[in-house]
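Residue numbers (this note's numbering): 432 to 972.
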Amino acid sequence: MPEIATTPFPDQKPGTSGLRKKVTVFQQPHYAENFIQSVFDAIDAPAGATLVVGGDGRFHNGVMIQTAIRMAAANSFARVVVGQGGILSTPAASNLIRKREAFGGLILSASHNPGGPDGDFGIKYNVGNGGPAPEKITDAIFARTTVIDRYRIVEAADVDLTALGEQRVGELVVEVVDPVADYAALMEQLFDFAAIRAMIAGGFRLSFDAMHAVTGPYAHEILENRLGASAGTVVNGTPQEDFGGHHPDPNLVHARDLYERMMAADAPDFGAASDGDGDRNLIIGRGIFVTPSDSLAALAADAHLAPGYAGGLKGIARSMPTSQAADRVAAKLGIPLHETPTGWKFFGNLLDAGMATICGEESAGTGSDHVREKDGLWAVLLWLNILAVRKMPVAQLMAEHWQTYGRTYYARHDYEGIATEGADALMAGLRGRLATLPGETVDDLTVEAADDFAYTDPTDGSTSNRQGVRIRFAGGSRIVVRLSGTGTEGATLRVYLERYEPTGGRLDLVTGDALAPLVAAAEAILSIQAHIGRTAPDVIT
Ligand code: G1P
Ligand code: ZN
Numbered sequence: 432m433p434e435i436a437t438t439p440f441p442d443q444k445p446g447t448s449g450l451r452k453k454v455t456v457f458q459q460p461h462y463a464e465n466f467i468q469s470v471f472d473a474i475d476a477p478a479g480a481t482l483v484v485g486g487d488g489r490f491h492n493g494v495m496i497q498t499a500i501r502m503a504a505a506n507s508f509a510r511v512v513v514g515q516g517g518i519l520s521t522p523a524a525s526n527l528i529r530k531r532e533a534f535g536g537l538i539l540s541a542s543h544n545p546g547g548p549d550g551d552f553g554i555k556y557n558v559g560n561g562g563p564a565p566e567k568i569t570d571a572i573f574a575r576t577t578v579i580d581r582y583r584i585v586e587a588a589d590v591d592l593t594a595l596g597e598q599r600v601g602e603l604v605v606e607v608v609d610p611v612a613d614y615a616a617l618m619e620q621l622f623d624f625a626a627i628r629a630m631i632a633g634g635f636r637l638s639f640d641a642m643h644a645v646t647g648p649y650a651h652e653i654l655e656n657r658l659g660a661s662a663g664t665v666v667n668g669t670p671q672e673d674f675g676g677h678h679p680d681p682n683l684v685h686a687r688d689l690y691e692r693m694m695a696a697d698a699p700d701f702g703a704a705s706d707g708d709g710d711r712n713l714i715i716g717r718g719i720f721v722t723p724s725d726s727l728a729a730l731a732a733d734a735h736l737a738p739g740y741a742g743g744l745k746g747i748a749r750s751m752p753t754s755q756a757a758d759r760v761a762a763k764l765g766i767p768l769h770e771t772p773t774g775w776k777f778f779g780n781l782l783d784a785g786m787a788t789i790c791g792e793e794s795a796g797t798g799s800d801h802v803r804e805k806d807g808l809w810a811v812l813l814w815l816n817i818l819a820v821r822k823m824p825v826a827q828l829m830a831e832h833w834q835t836y837g838r839t840y841y842a843r844h845d846y847e848g849i850a851t852e853g854a855d856a857l858m859a860g861l862r863g864r865l866a867t868l869p870g871e872t873v874d875d876l877t878v879e880a881a882d883d884f885a886y887t888d889p890t891d892g893s894t895s896n897r898q899g900v901r902i903r904f905a906g907g908s909r910i911v912v913r914l915s916g917t918g919t920e921g922a923t924l925r926v927y928l929e930r931y932e933p934t935g936g937r938l939d940l941v942t943g944d945a946l947a948p949l950v951a952a953a954e955a956i957l958s959i960q961a962h963i964g965r966t967a968p969d970v971i972t
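So this is what it looks like as structure tokens:
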């Protein structure tokens with residue numbers, strides 16, 4: 432097989448979401464090839480293996496898909512399954528890997544980061560269970576990138592990605608598949624489409640913002656064609672290489688239009704959005720934003736109303752900074768609650784081991800054991816299924832939820848692009864004071880416990896230390912502090928604020944007011960301003 436000589440790039444360490452860099456970095460000669468070859472060398476797939484390839488359609492997607500196919504052909508794969516047009520949402524790719532029993536898959540995406548020639552690009556390797564490669568594999572990939580001296584690639588014409596069916600590149604069979612079909616079939620198995628269709632036929636209105644990103648075709652097919660929602664339900668539904676110049680990040684800042692539509696007098700009953708690659712979700716009812724942490728709790732409480740979860744849940748998993756709302760649901764259901772480090776990969780082992788069925792993160796990721804990635808449209812459909820059965824507005828459903836479990840007010844404050852030294856000093860100072868914090872009273876809040884979160888995976892005993900500082904106050908409120916592992920410029924400090932009001936307490940506060948004491952406590956404990964020179968966060972979600 433043709434081999435091309437190359438030399439290593441120093442910056443190819445894959446993070447939790449793969450290798451994510453500016454498009455211009457990926458455009459350097461040999462850059463992407465080095466990384467893809469390092470993946471192939473590290474995983475050492477048996478001859479005859481199948482590889483799934485697809486991406487979120489952002490700028491450079493098409494070029495990279497063709498490169499990946501030519502390299503798969505030169506690396507003894509027997510079959511590449513690729514989404515038509517090079518498109519696969521991340522959850523759909525996870526499903527295809529599982530369904531086709533592929534050895535693994537390459538997902539081309541930078542998730543919710545902006546796209547276009549000056550935007551971001553990414554390559555992530557997922558393993559045979561459909562989930563992101565575990566650390567021992569990403570470590571092996573990185574090790575390989577530091578010594579790589581050749582890559583393999585065949586010379587061949589571009590594959591026609593518009594034509595469904597099989598083509599050949601040398602010995603390799605390239606199968607172009609409808610990116611939506613298998614995913615939509617899976618959703619039909621999990622959810623009561625007839626009940627949702629009846630609810631919509633009865634006048635229930637929804638709005639789904641695909642943010643010019645990959646979920647457009649999925650949402651058109653599922654929400655409009657199969658569930659009968661009117662044309663126009665899906666907005667920004669045609670994937671664009673630059674996401675229309677927007678951040679495809681479904682939060683209250685970047686999905687502002689949807690938020691305003693849902694707060695208007697004539698708002699639809701239900702609003703939702705997803706991100707660049709379709710794994711995140713934003714849920715807004717008429718007049719009410721549902722925090723991702725509350726959404727996880729509400730979905731877990733009522734999941735049994737959907738056919739796919741009628742047998743109940745084996746457990747709930749949430750990332751450490753995600754609010755404890757789901758813990759209260761797990762306690763009531765009498766099932767385990769697993770608190771994991773930030774990042775979806777920690778859920779995979781629990782799902783594989785049958786220890787959890789539903790999992791979620793405060794960063795708008797929710798999912799279940801149906802795939803091994805978070806799944807934006809899945810969350811939307813579970814919400815719709817629950818609403819179709821319970822026949823009440825989102826606001827009433829949440830009010831009843833809080834009356835049952837108490838309410839967890841929640842917000843995340845992000846300080847972006849700050850100097851690394853200041854951020855490190857803040858964390859080091861805080862870590863140095865953990866032992867003395869308990870017992871301290873800040874305003875009216877008494878610190879009950881403080882630690883640096885460490886996790887031991889119950890399935891394989893592996894440990895992850897220094898995952899972020901948890902400060903718990905008497906009464907169940909919390910402040911969590913950690914540095915982002917995904918930012919591309921400087922450091923990003925994340926401060927997670929959570930106030931618990933038990934049943935019978937103040938369940939109807941405005942979130943900002945409810946959290947004001949915790950914001951003050953955070954400044955008093957962390958000295959944010961002194962360390963990083965900021966008086967307010969850049970983004971509140
Ligand atoms: C962020 C989110 C985290 C998510 C990750 C990948 O990571 O906070 O929940 O799993 O993106 O989508 P962070 O930048 O905080 O390390
Ligand atoms: Zn994403």
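Think of the CB as a built atom: it goes at the ideal place given N, C-alpha and C, for glycine as much as any other residue. Since this is a predicted model, take the numbers as computed values, not measurements.
Going by DSSP, I817 is part of the alpha helix (DSSP H) stretching over G807 to R821. The beta carbon of D969 is closer than 8 Å to those of D845, Y846, E847 and G848 in its chain, skipping five residues each way along the sequence. Taking C-beta separations shorter than 7 Å and ignoring five residues to either side along the sequence, the partners of A952 in its chain run V873, D874, L876 and I910, following chain order.
Counting along the chain, T569 sits inside no beta strand (DSSP E); it lies in the alpha helix (DSSP H) bounded by residues E566 to T576. Here T788 is not near F778, since their CB atoms are 8 Å or more apart. Nearest Cα to M502 within the set Y582, L527, L781 and L730: Y582. As computed with DSSP, K555 is found in a beta bridge with I538. S794 has its CB no nearer than 7 Å to any heavy atom of the ligand ZN. For G860, the uninterrupted alpha helix (DSSP H) run begins and ends at T851 to G863, by DSSP. With distances taken between CA atoms, V578 lies nearest to V470 out of P548, V470 and Q620. Selection R451, W814 and G765 evaluated against P545 yields R451 as nearest (Cα-Cα). A distance criterion of 7 Å places the beta-carbon of H677 beyond contact range of the ligand ZN, judged by its closest non-hydrogen atom. Residue environment analysis places E691 among the exposed positions, since fewer than 16 neighbouring C-beta atoms fall within 10 angstroms of its C-beta.
The DSSP-derived three-state label of V454 is helix. In the displayed model, A737 falls within coil according to three-state DSSP, outside both helix and strand. Going by DSSP, V825 is part of the alpha helix (DSSP H) stretching over V825 to Y836. In the three-state DSSP reduction, E954 falls in the helix class (H, G or I).
Within the DSSP secondary-structure output, D706 pairs in no beta bridge. For E879 and A905, the gap between their C-alpha atoms comes out near 5 Å. Taking the CA atoms as reference points, H678 sits about 6 Å from H543. Between the region 792-806 and the region 888-908, the count of Cβ pairs shorter than 8 Å is below three; the stretches do not touch. For the set L482, G774, L603 and Q515, the Cα lying nearest the Cα of V645 is the one of Q515.
Restricting attention to G446, S520, E652 and A922, the CA atom closest to the CA of I572 is found in G446. Spatial neighbours of L868 in its own chain (CB-CB distance under 6 Å, excluding positions within 5 residues in sequence) are listed in chain order as V878 and A881.
For G485, the enclosing beta strand (DSSP E) stretches over residues T481 to G486.
For L683, same chain residues with a beta-carbon under 6 Å away, outside a window of 5 residues either side, are Y690 in chain order.
Annotation: the region 904-938 contains the following complete segments of the beta strand (DSSP E) (minimum length 3 residues), in chain order: 909-914 and 922-932.
Between G716 and G676, the alpha-carbon positions lie close to 27 Å from each other. Between L940 and D613, the alpha-carbon positions lie close to 43 Å from each other. Q459 is bridged by DSSP to nothing; it lacks a bridge partner. Contact check between the region 724-744 and the region 894-901: fewer than three CB pairs, one atom from each, fall below 8 Å, which does not count as touching.
Contact check between the region 693-712 and the region 801-814: three or more CB pairs, one atom from each, fall below 8 Å, which counts as touching. Across the structure, A505 and G559 are spaced so that their CA atoms are roughly 21 Å apart.
Ranked by how close their Cα comes to the Cα of M618, the residues R838, I653 and D697 have I653 in first place.
Counting along the chain, the unbroken alpha helix (DSSP H) around I963 starts and ends at I959 to I963. Taking C-alpha positions only, Y840 is separated from E929 by approximately 6 Å.
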